[in-house]
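Take a look at the structure set out below.
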Amino acid sequence: MSTATTHGGPQLPQERRLVTEIPGPRSRELFARKQSAVPPGIGTTLPVFVTHAGGGVIVDADGNSLIDFGSGIAVTNVGNAAPRVVERVQKQVADFTHTCFMVAPYESYVAVCEKLNDLTPGDHEKRTFLVNSGAEAVENAVKVARHATGRQAVVVFDHGYHGRTLLTMSLTAKSMPYKHGFGPFAPEVYRVPLAYPFRWPTGPENCAEEAAAQAIDMINKQVGAENVAAVLIEPIAGEGGFIEPARGFLPKIVEYCRANGIVFIADEVQTGFARTGHLFACEDEGIVPDIICTAKGIAGGLPLAAVTGRADLLDHVHTGGLGGTYGGNPLACEAALGVLETIEEEKLVERARHIGEIMLPRLRALQERNPIIGDVRGRGAMIAIELVVPGTKEPHPAGEIARRCHEQGLLALTAGTYGNVLRFLPPLVIPDHLLEEGLSILEKALNID
Ligand SMILES: *Cc1c(COP(=O)(O)O)cnc(C)c1O
82 MSTATTHGGP QLPQERRLVT EIPGPRSREL FARKQSAVPP GIGTTLPVFV THAGGGVIVD
142 ADGNSLIDFG SGIAVTNVGN AAPRVVERVQ KQVADFTHTC FMVAPYESYV AVCEKLNDLT
202 PGDHEKRTFL VNSGAEAVEN AVKVARHATG RQAVVVFDHG YHGRTLLTMS LTAKSMPYKH
262 GFGPFAPEVY RVPLAYPFRW PTGPENCAEE AAAQAIDMIN KQVGAENVAA VLIEPIAGEG
322 GFIEPARGFL PKIVEYCRAN GIVFIADEVQ TGFARTGHLF ACEDEGIVPD IICTAKGIAG
382 GLPLAAVTGR ADLLDHVHTG GLGGTYGGNP LACEAALGVL ETIEEEKLVE RARHIGEIML
442 PRLRALQERN PIIGDVRGRG AMIAIELVVP GTKEPHPAGE IARRCHEQGL LALTAGTYGN
502 VLRFLPPLVI PDHLLEEGLS ILEKALNID
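First residue of the sequence shown? That's 82 in this note's numbering, and the numbers climb one at a time after it.
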């Protein structure tokens, strides 16, 4: 293969370069091995096998360099193999790899918790503990809310995604592929409407008001506020299709929670860490969650997640009631500290806004010319287009268009309850010329007649 360097990271040539068809012969060979060694339940968006990645590109085993509009699902916000992450992890791996924080603690875990207590919305007293995945963070947030309130019910929303464990798949809205055949599900989970402006029956103007009223009415009538431990919501629905709840909806739900002693949990697993042009998406409407769950973008790809929340709630749980063997592993904690330094020093919150300012106008212009694009939405570097059958709101599947992008060397992801959303999550360090080139590829892929 012909890359100029044997390392990943931002020094990789920032160019799209196709030297074989996609996937190439070496990737196809590896994919055949995958198919006999790994069950098909583990899907593949783009069957190229990666050897290096950094900045805005992914390099595959055939030497192709692809434009990355996925960031490993909003994980490598700071880019792959970001220098501050690499340096810290390399030092840590040589010093010690694991003691278990519950057995013999180390400073980096505490430093990550201090940072999150400081950086998450609200200046009240907070605590944080660390786990391994987004699902584990959400499960633990629910455990804490139940313990602190003495109540059991959890309210979630249409189009919500919260993970694949028993409780979190029960909290997730969509059956296929996340829940199909995996029941019975966890009890005491109740689902209410989300303010989805593009698909609200009476139009986007009434959406916030009506959806909040319906949600609150359902909670009052079907669950009873006094039985509800927590209301759990993504400030922008991720897997559900990058749905930004109509403005005013989230504040109304928070207000209802406050008035009824319900813990308001924000699932910022996908929206967190500068992705939306704020460090956390809740900041956009000044929302202060009682508990906030973070993961994905937190540690540049090392497995880490966090539960951060009001000290009185998190302190309620008895000693030994929370934890796990690997949670807050020292390598992952060093990576998280490297991520937070990178976000600050490379001004990635501003950078995310800049990405939105490049992408949104081009996508809106594309929408004018291309009636298959029903909606263009998103904030910062969390952007999506929702595809429809022209002249209707009937969903048009996004998979075929994603595949055309892949063939041309643009890694694009799909999403959405109806599978009709193309979502764009470039690393925040992607150079502008790759963003523009990626959008040009998309533009061609959309011309399907
Ligand atoms: C990905 C995701 C999760 C689950 O995180 P895992 O690390 O895959 O367990 C939970 N909530 C949201 C909003 C997510 O996007």
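Glycine included, every Cβ here is placed at the ideal spot set by N, Cα and C.
Every value quoted in this text rests on a predicted model; they were computed, and no experiment measured them.
| said: Given a cut-off of 8 Å on the beta-carbon distance, is the pair residue 95 and residue 136 in contact? | reply: Yes. Within cutoff.
Report task. Check the DSSP bridge columns for residue 399 and list the partner residues they point to. Result -> Residue pairing by DSSP leaves residue 399 without any beta bridge partner.
Exercise for the section: May I ask you to check if the CB of residue 358 is nearer than 7 Å to at least one heavy atom of ligand 1? Expected result: For residue 358, the shortest C-beta to heavy atom distance toward ligand 1 is 7 Å or greater.
Buried or exposed, going by whether 16 or more other CB atoms sit within 10 Å of the CB of residue 450? Residue environment analysis places residue 450 among the exposed positions, since fewer than 16 neighbouring C-beta atoms fall within 10 angstroms of its C-beta.
Per-residue DSSP class, three states only, for residue 304: Of the three classes helix, strand and coil, the one that applies to residue 304 here is helix, per DSSP.
Any residue with its C-beta under 5 Å from a non-hydrogen atom of ligand 1 counts. Can you list them all in chain order? So the residues near ligand 1 by this Cβ test are 214, 215, 216, 243, 244, 315, 319, 348, 350, 351 and 376.
Checklist entry - Between which two residues does the alpha helix (DSSP H) carrying residue 210 extend? => result Residue 210: not part of any alpha helix (DSSP H); member of the beta strand (DSSP E) spanning 207–212, first to last residue.
*How many Å lie between residue 86 and residue 138 at the Cα?*
Summary for residue 86: the model assigns pLDDT 49, below 50, so the residue's position carries little reliability; its value from the coordinates is reported in the next sentence. Going from the Cα of residue 86 to the Cα of residue 138 covers about 13 Å.
Any idea which residues DSSP pairs residue 460 with across the strands?
463.
Discussion item. Between which residues of its own chain and residue 84 is the CB-CB distance below 6 Å, once the five residues before and five after are set aside?
Written reply: Low per-residue confidence applies at residue 84: pLDDT is 43, beneath 50, and the placement is therefore not dependable, though the value from the model is reported in the following sentence. Closer than 6 Å at the Cβ level, and outside the excluded window around residue 84, lie 140.
*Secondary structure at residue 240, three-state DSSP: helix, strand or coil?*
Correct three-state label for residue 240: coil.
| said: Taking the beta carbon of residue 478 as the centre, do at least 16 other beta carbons fall within 10 Å, making it buried, or is it exposed? | reply: The residue is exposed, with fewer than 16 neighbouring Cβ atoms inside 10 Å.
So what does residue 311 bridge to, in DSSP terms?
Per DSSP, 235 and 344.
query = If you compare alpha carbons, which of 101, 310, 255 and 340 is closest to residue 221?
reply = Residue 221 has its Cα closest to that of 310, out of 101, 310, 255 and 340.
message: Mapping the DSSP letters down to three states, classify residue 504 as helix, strand or coil.
response: Looking at residue 504 - three-state DSSP - the assignment turns out to be strand.
key: Contiguous alpha helix (DSSP H) assignments of at least 4 residues, all confined to the region 119–169   = Counting only runs of 4+ residues, the alpha helix (DSSP H) found wholly inside the region 119–169 occupies 152–155, in chain order.
_Sub-8 Å separation of residue 105 and residue 143 beta-carbons_ = Cβ atoms of residue 105 and residue 143: closer than 8 Å.
Cross-strand partners of residue 469 (DSSP beta bridge): Residue 469 pairs with 476.
Practice task
Run the CB neighbour count on residue 123, radius 10 Å, all protein chains shown included, and call it buried at 16 or more, exposed below.
Solution key: With fewer than 16 Cβ atoms within 10 Å of its Cβ, residue 123 is classed as exposed.
Short of 7 Å in beta carbon distance, which residues of its chain neighbour residue 200, apart from the five on each side in sequence? Order them along the chain.
Answer for residue 200: 360, listed in chain order.
**residue 324 versus residue 100 - alpha carbon distance** = About 37 Å.
Rounded to whole angstroms, what is the Cα-Cα separation between residue 121 and residue 134?
Residue 121 and residue 134 have their C-alpha atoms spaced approximately 25 Å apart.
*From residue 445 to residue 468, what distance separates their C-alpha atoms?*
If you take the alpha carbons of residue 445 and residue 468, they lie about 13 Å apart.
Is it true that the CB of residue 413 sits closer than 8 Å to the CB of residue 384?
It is a contact, given that the beta carbons lie within the stated cut-off.
| said: Taking 6 Å as the limit between beta carbons, can you name the residues of its chain near residue 88, skipping five residues before and five after? | reply: Excluding the 5 residues flanking it on each side, residue 88 has no same chain C-beta neighbour closer than 6 Å.
Alpha carbon of residue 251 to alpha carbon of residue 429, nearest angstrom: For residue 251 and residue 429, the distance between alpha carbons rounds to 34 Å.
Checking the sheet assignment: what are the DSSP bridge partners for residue 492? Bridge partners of residue 492: 149.
TODO: To the nearest angstrom, report how far apart residue 288 and residue 296 are at their CA atoms.
DONE: Roughly 12 Å separates the two Cα atoms.
**Request:** Rank 115, 263 and 509 by C-alpha distance to the C-alpha of residue 152 and give the top, closest one.
**Result:** For the residues 115, 263 and 509, the minimum Cα distance to residue 152 belongs to 509.
Return the chain-ordered list of same chain residues with a C-beta closer than 6 Å to the C-beta of residue 494, the five sequence neighbours on each side being excluded.
Excluding residues within five positions, the ones whose Cβ falls inside 6 Å are 151 and 504.
- Query: Helix or strand or just coil, what does DSSP make of residue 417?
  - Reply: Note: residue 417 maps to helix in three-state DSSP.
Just checking my contact of residue 254 with residue 316 at CB under 8 Å: how many whole Å lie between their CB atoms? That pair is no contact at about 16 Å.
Exercise. Starting from the Cα of residue 301, find the closest Cα among 272, 112 and 391 and give me that residue.
Key: Checked all of 272, 112 and 391; the closest Cα to residue 301 is 272.
CB-CB under 6 Å to residue 147, same chain, minus the five flanking residues each way: which ones, in chain order? Excluding residues up to 5 positions away in sequence, 139, 490 and 492 lie with their Cβ nearer than 6 Å to the Cβ of residue 147 in the same chain.
Buried or exposed: where does residue 380 fall if 16 or more other Cβ atoms within 10 Å of its Cβ makes it buried? So residue 380 counts as buried.
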